[in-house]
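Below is one structure, written out as structure tokens; comments come after it.
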Amino acid sequence: MQSRPNKADQAYRLLEDMITFQDLAPGQLLSEAMLMELTGLGRTPVREALQRLSRERMVEILPHRGVFVATTSIEEHFRLLELRRTLEDLAVRLATFRAETRQKEAMVELSGRLDAFRGDDVRAFGTLLKQAHDLVTSAAHNDYLQLAMTPLQVLSRRFWFAHLPDPAEHLPRAARTHAAILRGIAHGDGDQAQAASRQLNDYLIDVTYQALGAPAPADGE
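Mapping to our numbering: the sequence shown position 30 is 1419, numbers consecutive.
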């Protein structure tokens, strides 16, 4: 009974990775047969993964035509960040009080790996980034919050990697900010964790303005 969910999760991870890093390009039309060949998995797990990706607005399923890889939009990303900022602030605050010992230990360990991250390997950093997001949302111990946060993080990761100005500069910078969030939660310092979370979201807004080709507005504008 466990094989199907495991395979569906595997298909989801593979396809989400391919979309995030544009192995499957925005606007590309795909078939189930093509995705089965790319993942090496059967029709059922691929379909289940596509349903999840559709709910997260990574793909659009077109009946009798195939699967359309969703495009990214700067305007949509700004709207997404409005919501992400508020929900992530809540997730960090809840996680600070609710994280279990094993989750705090995992956060300390991951924060060390993030602090030590150097270079421009986007896929290696993407793995660490997913782990950080999953740790925070799971440590909040609120299923509804996790359901709301996951699609926002998935879409935001995709946009960020697609518009990253200089990986060698920005990956370590993002790594340090995520490490600060995790350490704050693990040490029960909600103020530090929330400050780092807000710094992260300010940074994401700046990157989005850069993608637009415009400077970010000054505070208060």
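Note that CB positions come from ideal geometry on N, CA and C, so glycine has one too.
Measuring straight from C-alpha to C-alpha, what distance separates residue i and residue j?
| i | j | result |
| --- | --- | --- |
| I1570 | L1534 | 18 Å |
| R1565 | A1513 | 15 Å |
| S1443 | H1576 | 37 Å |
| E1449 | D1591 | 30 Å |
| P1554 | D1595 | 11 Å |
| H1453 | L1439 | 15 Å |
| A1568 | V1481 | 13 Å |
| Q1399 | F1486 | 32 Å |
| R1393 | A1537 | Confidence is the limiting factor: at R1393 the pLDDT is only 46, short of 50, which leaves the residue's position unreliable, though a coordinate-based value still follows. Rounded to whole angstroms, R1393 to A1537 spans 25 Å at the Cα level. |
| R1502 | G1429 | 31 Å |
| H1552 | V1497 | 29 Å |
| R1474 | E1421 | 35 Å |
| Q1520 | G1602 | 31 Å |
| L1476 | A1584 | 14 Å |
Just tell me which of the options has its CA closest to the CA of residue i.
| i | options | result |
| --- | --- | --- |
| I1574 | T1490, A1564, L1536 | T1490 |
| T1597 | V1456, E1471, T1433 | E1471 |
| L1499 | V1525, T1475, D1509 | V1525 |
| F1457 | T1433, P1434, L1419, Y1401 | L1419 |
| E1445 | L1404, S1586, T1539, I1594 | T1539 |
| F1550 | E1494, R1454, A1600, A1585 | A1600 |
| G1431 | M1447, A1397, H1552 | A1397 |
| A1414 | L1404, A1422, E1421 | L1404 |
| F1548 | Q1520, L1503, V1511 | V1511 |
| R1572 | I1463, D1412, D1504, E1477 | D1504 |
Tell me which same chain residues have a C-beta within less than 6 Å of the C-beta of residue i, skipping the five on either side of it?
| i | result |
| --- | --- |
| H1522 | Q1542 |
| L1424 | V1435 |
| A1557 | D1509 |
| E1610 | Caution is warranted here: a pLDDT of 41 is assigned to E1610, below 50, making its placement in the model unreliable, and the coordinate value is therefore given only provisionally. Excluding sequence neighbours, E1610 sits near nothing in its chain. |
| L1451 | F1457 |
| Q1492 | A1528 |
What do you get for residue i, buried or exposed, if any count of 16 or more other CB atoms within 10 angstroms of its CB means buried?
| i | result |
| --- | --- |
| T1433 | exposed |
| S1545 | buried |
| L1518 | buried |
| R1441 | buried |
| L1593 | buried |
| E1494 | exposed |
| S1586 | buried |
Who are the Cβ neighbours of residue i in its own chain at under 8 Å, not counting the five residues just before and after it?
| i | result |
| --- | --- |
| G1416 | F1457, V1458, T1460 |
| G1515 | D1406, T1409, F1410, R1546, F1550 |
| Y1401 | E1437, A1438, R1441, L1442 |
| L1479 | A1529, L1534 |
Enumerate in chain order the residues of its own chain whose CB-to-CB distance from residue i is below 7 Å, with the five nearest sequence positions on each side excluded.
| i | result |
| --- | --- |
| N1531 | L1483 |
| Q1588 | T1566 |
| R1507 | P1561 |
task: Could you tell me whether the region 1580-1588 touches the region 1461-1469, using the rule of 3 or more Cβ pairs below 8 Å?
output: no
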